[in-house]
Structure formats: C-alpha cells, structure tokens
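Under UniProt numbering, the residues of the sequence shown are numbered 1 to 299, in order.
A virtual CB, placed ideally from N, CA and C, is assigned to each residue, including glycine.
Here is the structure we will look at, set down as structure tokens.
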Amino acid sequence: MLFRNLGNSALEVSRICLGCMAFADPTRGNQPWTLGEEEARPILKRAIEAGINFFDTANIYSDGASEELTGRLIKEFAKREEVVIATKVGRRIKDGPNNSGLSRKAIMTEIDKSLKRLGTDYVDLYQIHRADPTTPIEETLEALTDIVKAGKARYLGASSMYAWEFSKMLNLAEANGWTKFISMQNHYNLLYREEEREMHPLCDQSGIGVIPWSPLGGGRLARGWDESTRRGQLEAISARHSRDVTMKLSMKSERSHSNERSHGRRWQRHGSYPRKLSQHQSLALHLWHNWAKRLTRHR
C-alpha cells in the first residue's frame, strides 16, 4: 500500500480511504442497502490486511449506525494508533433545534456523540459535511479550533461546497489564527468532473488534500450498466450521460481485458487537477486526457 501526507499536513494516510457509509444497519436511517456487521466485517478486515489505514464515516450515516459499526470493527482488527479515523458533522440527525448545522452548540454536542459511537476519545480528521448558511463562519471555525485544542480531533477537513465558500473559510482561519483545514472531501469521478473548474485548483494552490467521495460513481463505474445491485435497485438516479460513459468504459475494459473498476480508479489517480510533472509524465497525462475526452463525448 502506498501512503502520502494528507494535504500539507504531516498526517500519513493510505492512498485508498475506505468509505464506511455502507457499513451500518439496514433498519436504521434511509439507506436500506447498507451492509450489516457480518457482511461488513470481512471487507474491513481485508482492507486492514491490505494496508489501508484511512477510514471515513459520518454522524448522519444511518442515524449513527455507521460510526458504531465502523468503531467496533476497527477495534476488532487494528490498534487505535495504527489507523486514521475520519468523521463528519453538520447534516440533520433528527428534528428539533440545534440538531443540525455548524453552530457552536451543535458541533460541541455532536463531537461527543461521535466519539461515543466510535468508541474512541479522539478522531484524526473532523470534517464539516456541508457549509451552513445559517451560522456565521467565524462561529463554526472557532468552535472547530476549540475541539482540536481539547484533543477531541487532530485535524480538520471539509466536504462538498462551493469553492468560494471554502476559500472564505481558508482565508478567515488564516487571518484569525484558527486551526486550518487540511482536506476537502468532494464529489469527483469520471461521471462528475465539475470540481476541476474551481475546487481542485483552489485545493492545489492552498495545499489542501483531496479525498473524492463516490470515486466509482456509486458503483456505476465498477460494473456493466445492466448489472444489478441492491443499491442500484433502490437508488434509480442515473442520468443519460452516466449511461453513455459507463457503456463506453465497459467497451474499453473488454478491449483491454480488464475491468471497469481499474479504469475508473486509474483515471481518478492520473486524470485529475494539474500538478508539476516530468516531461514523460506530461506526455502520458496528455494521452490519457485525450482518451478521457473521447470517452465522455456524447454520441
């Protein structure tokens, strides 16, 4: 397994992060396609055996069931100091005041609940799940800084938002001496490339690590279009352009005697936002981008 520092921090993480949203309880929350403990156990065990040390979840996933199961399984197969646990805050858990958003009260309450569910006294990466337009950014950033100072989180990250929102947060943290974000977990894959316009250049210039969620398009880039899965049957959200890309990816895989997953992952590793490359790397990337453009062109 290859490791790298997350953003410009010294936190070393495996290049593959195991998203644990699917490890939960199908009877809790609004995601009935999730895997229970017996189904999730061999997956997480194999991930640790393969060298993955980076695990991501959120307080909202299946009403907290994902944090509970992820924490139990990690404790079963690894020592706490050997892994990097990331979770998130900000989405609505239940009805009522102060049960969502990024107010000081909500953040302080939810970090303690997450730690209890995960069975740990700190998380390595605490991420804001979305921007909160109802709370002053200053209130959010100061509360997050206090959580780091209290030892409940080691680093801070953010997730899906507009680039201008994230830029404002970065600038305010810098100006006020608050704890800086080291990562952005955004939606990015071969089917959704909007982040290449503004978010990726911002992260590149600011030393922010990018942790794409749904790297295989919710599974669409991991199999043929007509192959059925439990999640696919319950979440019929694919658009026409997704079908076009998926079908062409399958054709490419057949010609090269490989599978869709390998091409989807390879594209994400090498076809993302600009960075300094050698002459040979630049040529290879240029050829890859030409292929990707042909792949995504509509009929």
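For residue 198, collect the residues of the same chain with a Cβ closer than 6 Å to its Cβ; drop the 5 residues on either side in sequence, then sort them by chain order.
The residue given as residue 198 occupies position 198 in the sequence shown. Excluding sequence neighbours, residue 198 sits near 163.
Would you call the CB atoms of residue 52 and residue 9 closer than 7 Å?
By 1-based counting over the sequence shown, the position of residue 52 is 52. By 1-based counting over the sequence shown, the position of residue 9 is 9. Not in contact: residue 52 and residue 9 (Cβ atoms no closer than 7 Å).
Pick helix, strand or coil for residue 300, following the three-state DSSP scheme.
Because residue 300 is not part of the residues shown, which for the chain are 1 to 299, the question remains open.
Rounded to whole angstroms, what's the CA-CA distance from residue 157 to residue 86? Just pull it up for me.
Residue mapping note: residue 157 aligns to position 157 of the sequence shown, counting from 1. Residue mapping note: residue 86 aligns to position 86 of the sequence shown, counting from 1. If I take the Cα positions, the gap works out to 9 Å.
Counted within 10 angstroms of its Cβ, other Cβ atoms place residue 117 as buried (16 or more) or exposed:
Reading the sequence shown from its first residue, position 117 is the one you call residue 117. The residue is buried, with at least 16 neighbouring Cβ atoms inside 10 Å.
Residue ranges of each alpha helix (DSSP H) run of no fewer than 4 residues wholly in the segment 18-91, ordered along the chain?
37-49 and 65-77
If I measure Cβ to Cβ from residue 65 and keep anything under 8 Å in the same chain, skipping five residues before and after, which residues do I get?
Residue numbering aside, residue 65 sits at position 65 when the sequence shown is read from its first letter. These residues qualify, in order along the chain: 24, 25, 28, 29 and 34.
Residue 3, buried or exposed, once every other Cβ within 10 Å from all chains shown has been counted against 16:
Along the sequence shown, one-based indexing puts residue 3 at 3. With fewer than 16 other Cβ atoms within 10 Å, it is exposed.
Expressed to the nearest angstrom, what Euclidean distance is found between the alpha-carbon atoms of residue 123 and residue 174?
Taking the first residue of the sequence shown as position 1, residue 123 is located at position 123. Taking the first residue of the sequence shown as position 1, residue 174 is located at position 174. One C-alpha to the other measures close to 23 Å.
Measuring alpha carbon to alpha carbon, tell me which of 161, 125 and 159 ends up nearest residue 147.
Here residue 147 refers to the residue found at position 147 when the sequence shown is read from its first residue. For the residues 161, 125 and 159, the minimum Cα distance to residue 147 belongs to 125.
Can you tell me which of the three DSSP states residue 154 falls into?
On the sequence shown, residue 154 is found 154 positions in, with the first residue counted as 1. Three-state result, residue 154: strand.
Cβ shell of residue 48 (< 7 Å), same chain only, five flanking positions each side left out:
Here the question's residue 48 lines up with position 48 in the sequence shown. Closer than 7 Å at Cβ, skipping near neighbours: 77 and 78.
The segment 136-152 contacting the segment 99-106, beta-carbon criterion three pairs below 8 Å
yes
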